[in-house]
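To start, the structure itself, in structure tokens.
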Amino acid sequence: MSEHLPALQVVIALTAAPLVMMMNRFPRLAWGVTLVTCWATLVVAVLLLLQVSDGSVIHYEMGGWAPPWGIEYRVDGANAWVLLIIGLVSAVVMPFALRSVEQEIPADRIGLFYSAFLLANAGLLGIAITNDAFNIFVFFEISALASYALIAMGRDRRAMLSSYQYLIMGTVGTTFLLIGIGFLYIMTGTLNISDLAMRLPEVTETRTIRAAFAFIAVGISLKLALFPLHLWLPNAYSFAPSMVTVFLSATATKVAIYVLLRFIYTAFGFEFSFEELSVAWVLMPLALLGIIIPSVIAVFQEDVKRLLAYSSVAQVGYMILGISFATALGLMASVVHLFNHAITKAALFMAVGCLVYRLGGVSLSRIAGVAERMPWTMAAFVVAGLSLIGVPLTAGFVTKWHLLQAALMEGLWPVAVVLLVISLVATVYIWKVVEAAYFRPAPEDAREIREAPLSLLVPTWVLTATTIIFGVWAQFPISAARNAAEALLGVPQSW
Amino acid sequence: MNRYIVLRVISSLMIPIILIYAFYIQFHGEYSPGGGFQAGIVFTAAFVVYTLLYGLEAAQRAIPPEAAHALSAIGVLLFAAFGFATMLLGGNFLEYKVLLPNDQAGETFGIIGIELGVGITVAAVGLTLFYSFAGRRTGE
Amino acid sequence: MTWFGLYSYWIVVVLMMVGFYIVIAQGNLVKKIVGLNIFQTSAFIFFISLAWREDGTAPIALPDVTEYANPLPHVLILTAIVVGVALTAMGLALVVRVHEAYGSIEEDDIHRQDEQQ
Amino acid sequence: MVSDAALIYWAMAVPLLGMLALIAASRWAVLRDALVVVTAAVMFGVVLQLLPRVLAGERPSATLFELFPGLEIAFMVEPLGMVFALLASGLWIITALYAIGYMRGAKELHHTRFHVYFCIALFSATGIAFSANMFSLFVFYEILTLSTYPLVAHKGNEAAKQGARTYLGLLLGTSIGLMLPALIATWWLAGTLEFTPGGIMAGRVDPAVGTILLVLFMYGIGKAALMPFHRWLPSAMVAPTPVSALLHAVAVVKAGVFTVLKVTVYLFGLDYLELLGSTDIILYVAVFTLLSASLVAIQKDNLKARLAYSTVSQLSYIVAAAMLVNEFAALGGGMHIVMHAFGKITLFFCAGAIYVATKKTEISDMNGLGRRMPVTFCAFFLGALCVIGVPPLGGVWSKWHLLMGAYDSGAQLVVLALIISTLLNIAYLIPPVVRAFLLPPPKGEETAGVREAPLLCVVPLSLTALGCLALFVMAGPLAELLRPYLSVAGG
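Chains as they are written, first to last, in my numbering: chain X, 6 to 500; chain C, 391 to 530; chain W, 62 to 178; chain F, 6 to 496.
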């Protein structure tokens, strides 16, 4: 079956989704099937990553139709890495989901919830694995539709409105993408990204291609919440059910960034994107603003979920910043941050999910003094928070180290300074939470609170430990990210 | 409903025709314009007309919401089943020609199969959507 | 007459602007979705019109036809339309639920209610 | 024969194991407190095992793991690190005893938490001492900052939190905002962060850039408390006194100046340092700090605050020593780490003992206390003399070498500053003793007889006071131990 792995990667989750929907009456069963599916997905992702770790590329023709007519799935170092991120996060979040979802979602909807989750999952996997531009659009919409449904299931009534706003912004984004793809198709007659890469150089002089680039870049930027197109994100993350926030924050924006990379580097090519269009000069200011402003906003948030959501926008800025250096090292820093931020932010949101499970909400006043009652949860938050700040021996440091190296290599001292100052700002907003939880006196009615159940705590700690493990054993993410960067650049690099 | 006798008569003539037309589009899809999407929507349209005339309860007696729910899943599963079958028979995912000894026949068979799956799903989802909007009352 | 010769693109551009404007400027949640639909439709027309060929027939394999429109964009747009329908349904469903929760579908009104909380 | 690596790892593992043990024993207060002392003693024993090897000229080393190529967590014991590790672990034993007495006497809460973080702090101090490269040092430096935060904020009231916030903000801010960029730039320019005799910069880094790097490092090492980044040290005085004593007289601040010496000697190299334009600038900043901190100290009525500013001033001696770029001064700097540690820990112990016995913190309230607490104030007197640098106490040697070094370098201004500073030392350290012994106690406080603090407080402070005396005689062996480090420093 190993030659079918690329198809299985998507199809398993896609098939499980209707099955789970039919099990709506048996929530635990639905959960079990989803769990197994996610673990299978992770296994497939790992196998794929192992296969491409030597720099090779896997092609899979859907329905036996050769590209450019048929849809081709293509796995190389870059998207295998993204697949692993999705697989890992979904596999870890599922054990966590059991009780968290039982508490937050009405019992008669849990099956539907997991069904939508699987669809979102499959959609993201599909975006990452397909090599067909239009197919990317379709998978974007599949995952987006499912995400809208998932977000709308949040308990607060504002969840519905934020889901609606996300729907509007997301649809505008994907429609832009669709128009851009149309332009590309006019000029080249193909939708296969590898084919596009071959044919585009002949026609790059035209205004059509530039228009295509603009539409695609803006469209994807909406999906990846690039500042100032990030407005949907804080609301969507704050009001979604805990488990959905964990999953989306770790995967959705990352996948969108991957698509941006795929278009910039593979389809349009490095030369066109960076030398002819100087896209770096657009991306870098936006990235810097996107790092600075949301970080500062995060400091003033009262709701921990919202605070972390703003921090997510800032982290997207880090990834875009790495791309904007237009160097192999910068690219690699971005790619490694995809992973490091995914596990870090997922761990943080899981810790927050534990708090929500016991407290019902996570405003700073509500979590006052909670560390005494929930020491393990808050300890996980602190450790993952350190990784977010980028303290050495955590995953976040590995990223920051390489990002700074990349900035210095370009002689961009001011950028390096901004990065460091902003990590201080990150210290401040993480600190606010820590201080509230550890040093504020607990309210009178907090006596009843107990530590979160093990089924929530263990996955939280697994991810938290992962941030430490990959901060110490950094060779693995680094070599995988190098492999990914080489796959995107198309040429081996001397690191 | 007695006051709308013309409507009732005409539509009771129309509904079977719409349904048959849906089936025509469904099973003729691989030769001429048509296919599961269109057939499914046309099929749903018949039910919408029926509901408008005889009320939601009557329509839901014909196809209960739970059934529509299940059918939407079954359609997708049918689609997936064909995909897995081709994979087990040695082809790529959805490579129909391996389904039957004759390549041409295999492809026809495969396309009809998955289009049926699509048709069922689209019809069922369309119905589910219609039911859920039609079933809402203000103040609920 | 090249400006007019590409009239389908003009339609696309006008629809796109109209749709986009409605999405941005309207505070009514249902109208926003209508705008979104118009916006998407412009993209669909764009695709369909780029499949067109002079003297071509519909993209169906018939015995004595050699010139026919490019079938691929049609197929793509069929998919995109289905996606669009799903989005509209989703959006409307959300609006219904928002209406149930807030008793209003005007954005300003809803924000005011949230702030008062 | 235990291998070098094993010894190094054990030295660092013991405090962590002790920590686990005392968490397990947290229900039985006596057992827990005993475990603290045992842990400290065992750790000192292990560190002591390394001493003969270092004296024999060996450099025990171990590599824990490689983060990525060229960046590893690795350890190497060299003379300066040996001295620091011995100092920290040795004084821990005494402090542990003192802490037990103090925590009970002052009725502090959360004893287990207190000891746990103490263990982590010692663990990271040892890590700093043994680090083989700047990256490892940085990691342990940050762990030390983080682990001491809960100790500073121990009381949990608003003042403690405020002080602790300043503490954390300044130390984290400088280390992440200044030291980390300097570290990354060094790695990028020199290709390594290995502590190498003679430095790694020469020939690789343009002196113009090196000038900037030096400033970044010196200010980035916030624990060395150069002005204007000295505020954390007075803020940290809200901590219970054992913390002030061991951490803010020994482990934390000495980690700062130890890092300064390491960076200047093993990263920059003294020859290279001489080429840099900023060396003199930092020297004069240090001189300014040591004078103005002394002036501030005189005005402080709170005993601990006065001691804190005194520490700021004394730390600058060592920074100045590093910036003087000569052999005598470098030796003086190394020795002053030890001398000042003994002197200042004694003073802090005394301050704590006074607080435990009388709840008094202000110097102006201490009139006549000497009659009630003669042992404590005698020890205070000895500690003060040691810090001032009067024979026959250890402090005289380090000051002597510093003065010689400054004189040799032709830095007359520094010589002058050292002399003035010594006078200022006298001006702020002797008055408490004078008040205690010579002035009559205020009315209504006439108490008959001696009422010292608990034995567990008095014995440790007597021990360290005696240590100050002993160091006068022990200066020779100490210089001998530091000699190899010197030969590097002297070039």
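All C-beta atoms in this analysis are idealised placements derived from N, C-alpha and C, irrespective of residue type, glycine included. Computed from a prediction, not measured in an experiment: that's the story for all the values here.
Please check if any C-beta of chain W sits within less than 7 Å of the C-beta of residue i.
i, result
"C:Leu484", "no"
"C:Leu442", "no"
"X:Ile483", "no"
"C:Leu461", "no"
For residue i, I'd like the list of residues in its chain whose CB is within less than 7 Å of its CB, leaving aside the five on either flank, ordered along the chain.
i, result
"F:Pro447", "Asn372"
"F:Thr197", "Gly75 and Ile205"
"F:Lys160", "Val243"
"X:Val94", "Phe252, Ala255, Thr256, Ala347 and Ala351"
"W:Asp169", "Gly88"
Rounded to whole angstroms, what is the Cα-Cα separation between residue i and residue j?
i, j, result
"F:Lys429", "X:Ala385", "For the record, residue 429 of chain F in the displayed sequence is Leu; it is not Lys. Going by the C-alpha atoms only, they are around 49 Å apart."
"X:Gly92", "X:Ala261", "16 Å"
"C:Ala412", "X:Ile221", "38 Å"
"X:Ile186", "C:Tyr521", "36 Å"
"X:Gly374", "F:Gly215", "47 Å"
"F:Val395", "F:His341", "14 Å"
"W:Ser103", "F:Gly182", "51 Å"
"F:Ala11", "F:Ala79", "13 Å"
"X:Leu10", "X:Thr211", "39 Å"
"X:Ala157", "X:Ser247", "12 Å"
"C:Gly465", "X:Arg267", "33 Å"
"C:Phe433", "C:Ile408", "7 Å"
"W:Met62", "X:Leu288", "Confidence is the limiting factor: at W:Met62 the pLDDT is only 48, short of 50, which leaves the residue's position unreliable, though a coordinate-based value still follows. C-alpha separation (whole angstroms): 40 Å."
"X:Leu205", "X:Lys228", "24 Å"
"F:Cys473", "F:Phe382", "15 Å"
Along the alpha helix (DSSP H) that carries residue i, what are the first and last residues, could you check?
i, result
"C:Leu446", "Leu446 to Ala452"
"F:His120", "His116 to Phe135"
"F:Ala67", "That residue, F:Ala67, is in no alpha helix (DSSP H); its beta strand (DSSP E) goes Ser66 to Phe73."
"W:His135", "Pro132 to Tyr163"
"F:His341", "Glu332 to Thr363"
In its own chain, which residues sit with a C-beta less than 8 Å from the C-beta of residue i, not counting the 5 before and 5 after it?
i, result
"F:Glu367", "Asp306, Asn307 and Leu308"
"C:Thr528", "Because C:Thr528 sits at a pLDDT of 49, beneath the cut-off of 50, its placement in the model cannot be relied upon, and the following sentence gives the value as read from the coordinates. So no residue of the chain qualifies."
"C:His418", "Gly424"
"C:Val438", "Phe520"
Where do the N-terminal and C-terminal ends of the beta strand (DSSP E) with residue i fall, by residue?
i, result
"X:Glu276", "Run containing X:Glu276: none; DSSP gives neither H nor E here."
"F:Ala79", "Leu76 to Met81"
Cutting at 6 Å between CB atoms, please list the residues of its own chain near residue i, excluding the five before and the five after it.
i, result
"C:Glu530", "For C:Glu530, the predicted structure reports a pLDDT of 42, less than 50, and the residue's modelled location is therefore unreliable. A value from the coordinates is still provided. If we look at C:Glu530 and ignore the five residues flanking it on each side, it has no Cβ neighbours."
"F:Tyr412", "Val420"
"F:Gly495", "Its pLDDT being 49, under 50, F:Gly495 is placed unreliably in this model, and the value from its coordinates should be taken loosely. Contacts found: Glu332."
"X:Leu282", "none"
Using a Cβ-Cβ cut-off of 7 Å, state whether residue i counts as contacting chain C.
i, result
"X:His9", "yes"
"W:Ala150", "yes"
"W:Val143", "yes"
"X:Thr179", "no"
Does the beta carbon of residue i sit closer than 7 Å to a beta carbon anywhere in chain X?
i, result
"W:Leu111", "yes"
"C:Val466", "yes"
"F:Gly495", "Note on F:Gly495: pLDDT 49, under 50, position unreliable in the model; the coordinate value appears next. False, the Cβ-Cβ gap to chain X never drops below 7 Å."
"C:Ala470", "yes"
"W:Leu139", "no"
"C:Gly529", "For C:Gly529, the predicted structure reports a pLDDT of 44, less than 50, and the residue's modelled location is therefore unreliable. A value from the coordinates is still provided. Not one chain X Cβ lies under 7 Å of C:Gly529."
For residue i, would you say it is in contact with chain F, using Cβ-to-Cβ distances shorter than 7 Å as the test?
i, result
"X:Pro397", "yes"
"X:Arg487", "no"
"X:Leu417", "no"
"X:Phe475", "no"
So within the region 422-479 of chain X, which uninterrupted alpha helix (DSSP H) runs reach at least 4 residues, ignoring any that extend past its ends? 459-477
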